[in-house]
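Residue numbering for the sequence shown follows the UniProt record's numbering, beginning at 1 and increasing consecutively.
Think of the CB as a built atom: it goes at the ideal place given N, C-alpha and C, for glycine as much as any other residue.
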Amino acid sequence: MKSTVEHLSPTRVRINVEVPFDELKPNFDRAYKALAQQVRIPGFRPGKAPARVLESRIGRGPVLDEVVNEAVPEKYLEAVNSSEVRTLGRPDIEVTKLEDGEQLAFKAEVDVRPEITVPAFGELTVSVDDVEVTEEEVTEQLDALRARFGTLTGVDRPAQQGDFVSIDLSATVDGQEVEDAKTSGLSYEIGSGQLVEGIDDALIGASAGETKTFTTKLVAGEHAGRDAEVTVKLNSVKERQLPEADDEFAQMASEFDTIDELVNDLRERLSRVKKMQQGVQARDKVLDALLESTEIPVPEKVLESEIEVRVHDAIHPFDHDEKRFEEWLEQQGKTREEFDNETREEAEKAVRSQLLLDTIADAEGITVSDNELTERIIYQAQRFGMSPDQFVQQAQQAGQLGAIFAEVRRGKALFSVVRQATVTDASGNTLDMDELFGTQQEDSSEGEQSSGEAESSESGESSKAE
């Protein structure tokens with residue numbers, strides 16, 4: 001077999017392959033065997049007819065088709081493996097010559113990883129926010145903790161912001177009842193924003209026993225994006241009474257004896273969360289600085305595929321109904337054109353980031369251990385509410401285990417750069433990245449876990465509340 005590579009652009013090549021027919025004998029043998037199983041020939045058991053008898057029955061064409069269909073992908077992979085190109089995505093293949101008994105020739109155009117020259121990591125400088133905990137933030141966390149230990153008491157007055165109400169809900173679209181929207185005895189906190197837009201305005205000022213009707217756009221279900229007439233009946237009103245923030249409360253809600261100890265603990269927790277957020281910010285800003293200072297050609301087919309996936313995921317909740325999706329966009333104050341432009345920008349940044357981090361991982365010799373991959377799988381499984389075994393099974397079926405491996409490797413590559421960069425806070429202090437991240441990110445992924453912890457830890461609540 002002979003193969004050559006033509007570079008069409010920094011991100012695309014054409015691979016030309018020529019295969020002599022004598023190298024295709026194993027393919028012919030398998031083709032005859034497969035076709036013989038499909039054709040009934042008198043005097044021969046299934047699969048046992050000689051090649052010449054089989055060809056006299058079905059002709060040479062089906063045999064050649066079978067050989068080409070099997071040999072081309074096989075020989076394409078051989079050509080790729082023998083070259084220095086690193087392909088991305090599926091190739092566009094065209095058979096250019098098929099001379100029976102002589103030669104099979106084809107060409108394959110495919111995207112490839114471009115050559116990328118990365119900057120000196122030690123010259124990267126970024127600035128992040130200071131770690132500053134305000135008294136207002138501490139008070140907010142304390143109030144949130146008090147709310148968890150609060151009691152609900154029925155009141156004989158119109159409902160107001162922050163009240164807990166029991167309601168019955170129903171909705172119609174074009175006069176037809178929406179079954180998914182019908183519920184009775186639903187508990188709802190006014191102002192929480194957990195139900196449809198407009199319900200708070202309808203409930204505030206209403207008294208138990210009253211029924212209100214309002215119009216809103218549904219945001220989920222088969223009628224997402226459609227105008228609905230919603231009827232809400234207010235059954236009861238309760239207000240939450242918070243315990244006093246004193247030593248007795250501290251002993252009830254935490255392991256501390258005094259309210260001062262509890263407040264100090266909340267302050268320390270907030271500080272730790274902000275340090276984690278500071279690390280996430282450093283990671284993101286270093287990546288942005290890398291992208292800004294590095295020329296990264298984008299393979300068009302890879303970009304188109306990334307855009308397609310993102311659009312599919314966005315429209316999927318609307319049963320891929322373009323009209324309903326665009327109505328929902330309009331409700332969010334966005335046009336389809338704006339969505340498409342934003343999606344393309346986000347997809348391009350994602351592809352550029354992947355290409356850049358893969359290049360860095362190669363240059364830095366970064367590997368992923370079994371333990372690191374297992375940790376990432378466990379973390380992802382927890383995010384989706386699945387057991388690790390279930391997650392692995394689904395990932396295998398979807399062909400995503402390789403992508404998970406790649407993400408862990410890219411994450412390690414990014415944090416190796418962050419540690420070499422200069423990171424200062426808003427006050428001008430240079431931050432110690434090893435102190436900020438510890439060893440956690442070296443042993444896991446690209447900081448997604450850290451980011452998630454930073455977000456989920458914002459409650460800052462103490463032990464008995466956890």
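Rounded to whole angstroms, what's the CA-CA distance from residue i to residue j? Just pull it up for me.
i, j, result
"A412", "A361", "The sequence shown places Lys at residue 412, rather than the Ala named in the question. One C-alpha to the other measures close to 8 Å."
"L436", "G279", "6 Å"
"N429", "D370", "37 Å"
"D100", "G61", "10 Å"
"L303", "Q390", "30 Å"
"T211", "E189", "17 Å"
"P119", "V298", "18 Å"
"K2", "A108", "14 Å"
"E94", "E197", "55 Å"
"R12", "G89", "11 Å"
"T96", "L104", "8 Å"
"L242", "R272", "27 Å"
"I204", "L218", "21 Å"
"L356", "D288", "11 Å"
"L234", "I167", "5 Å"
"E136", "M276", "20 Å"
"L145", "K323", "44 Å"
"F149", "V423", "41 Å"
"V110", "E292", "27 Å"
"G385", "T215", "35 Å"
"I307", "V368", "28 Å"
"I296", "E345", "14 Å"
"K182", "V230", "10 Å"
"V351", "D257", "53 Å"
Assign residue i to one of two classes, buried (16 or more other C-beta atoms within 10 Å of its C-beta) or exposed (fewer than that).
i, result
"N81", "exposed"
"L290", "buried"
"V178", "buried"
"D358", "buried"
"S387", "exposed"
"S9", "exposed"
"S187", "exposed"
"E372", "buried"
With H, G and I counted as helix, E and B as strand and the rest as coil, what does DSSP make of residue i?
i, result
"Q176", "strand"
"G411", "helix"
"L218", "coil"
"G402", "helix"
"P119", "coil"
"E99", "strand"
"L287", "helix"
"D432", "coil"
"I93", "strand"
"G208", "Reading off the sequence, residue 208 comes out as Ala, not Gly. Looking at A208 - three-state DSSP - the assignment turns out to be coil, as it is neither helix nor strand."
"S444", "Here S444 scores only 41 on pLDDT, less than 50, and its place in the model should not be relied on; the value that follows carries that caveat. Coil at S444, not helix or strand."
"V126", "strand"
"S293", "helix"
"G185", "strand"
"residue 469", "Residue 469 falls outside the range modelled here, since the chain spans only 1 to 466, and no answer is possible."
"T258", "coil"
"T367", "coil"
What do you reckon, is the C-beta of residue i under 7 Å from a heavy atom of the ligand ADP?
i, result
"T294", "With respect to the ligand ADP, the structure offers nothing, as it holds no ligand at all."
For residue i, tell me which candidate among the options has the shortest Cα-Cα distance.
i, options, result
"L142", "E338, T422, D246", "D246"
"R226", "W328, Y76, E140, L242", "W328"
"K75", "L8, N27, R113", "N27"
"T139", "I366, N264, E102, T294", "N264"
"A208", "F339, L218, V232", "V232"
"E222", "E346, P91, L77, H320", "H320"
"A426", "V63, S416, Y32, S127", "S127"
"I15", "V39, P73, D29", "P73"
"A71", "V19, A147, A406, G402", "V19"
"S184", "Q176, L195, S170", "S170"
"R240", "V155, G175, A314", "V155"
"R269", "G399, V133, K25", "V133"
"residue 485", "F405, I58, V17, T335", "Here the chain comprises residues numbered 1 to 466, so residue 485 is not present and cannot be evaluated."
"A403", "Q420, R419, S416, Q380", "Q380"
Along the chain, where does the beta strand (DSSP E) that runs through residue i open and close?
i, result
"K233", "227-241"
"D111", "103-112"
"R14", "12-20"
"E132", "It is not in any beta strand (DSSP E) - E132 carries neither H nor E in the DSSP assignment."
"H7", "2-9"
"G154", "151-154"
"V423", "422-425"
Which residue marks the beginning of the alpha helix (DSSP H) containing residue i, and which one marks its end?
i, result
"S192", "Neither: S192 is in no alpha helix (DSSP H) and is coded neither H nor E."
"K334", "Here K334 belongs to no alpha helix (DSSP H), and DSSP marks it neither H nor E."
"T374", "370-383"
"A79", "60-82"
"Q393", "388-397"
"E244", "Looking at the DSSP string, E244 is not in any alpha helix (DSSP H), and its letter there is neither H nor E."
"A202", "199-203"
"D313", "300-315"
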